[in-house]
Amino acid sequence: MKVKYAAVALLITTLSGCATQKLMTEQEMLVQHPTLAQAKTSIEAAKREKLALYSPAQLKNAENIYQNALEQA
Numbered sequence: 002m003k004v005k006y007a008a009v010a011l012l013i014t015t016l017s018g019c020a021t022q023k024l025m026t027e028q029e030m031l032v033q034h035p036t037l038a039q040a041k042t043s044i045e046a047a048k049r050e051k052l053a054l055y056s057p058a059q060l061k062n063a064e065n066i067y068q069n070a071l072e073q074a
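Using our numbering, read the sequence shown as starting at 2 and increasing by one per residue.
What follows is the structure, given as C-alpha cells:
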C-alpha cells in the first residue's frame with residue numbers, strides 16, 4: 002500500500018513540475034539565441050526589399066525554417 006502512495010506522490014510531483022514550466026516569449030528566445038535574432042532580421046530585410054518577387058519559394062522556406070527553429074528553442 003505504501004508503494005502505491007509513493008508512486009502516486011511521485012507521479013503528481015512530476016506532472017506538477019512539468020505543468021508549471023514557464024514558456025519563454027519570442028523576445029526572450031531571441032535574446033537567448035542570437036542566431037534566431039539574426040535570421041529574423043534577415044527575413045524582415047528580405048520582405049522590406051521585396052526579394053520575394055525574385056524567389057518567393059525560398060523566402061517562404063526561410064520563414065518556415067525560422068518558425069520551426071522558434072518552436073524548438
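Beta carbons: idealized from backbone N, C-alpha and C, even for Gly.
| Check | Outcome |
| --- | --- |
| Quick one: grab the DSSP three-state call for K51. | coil |
| Straight-line CA distance for L37 to Y55? | 24 angstroms |
| Does the beta carbon of L31 come closer than 8 angstroms to any beta carbon on chain C? | Here there is only one protein chain, and chain C is not present. |
| Please state whether DSSP places A74 in a helix, a strand or coil. | coil |
| For M30, name the three-state secondary structure that DSSP assigns. | helix |
| Residues in its own chain within less than 7 angstroms of A74 by CB, not counting five upstream and five downstream? | M30, H34 and L37 |
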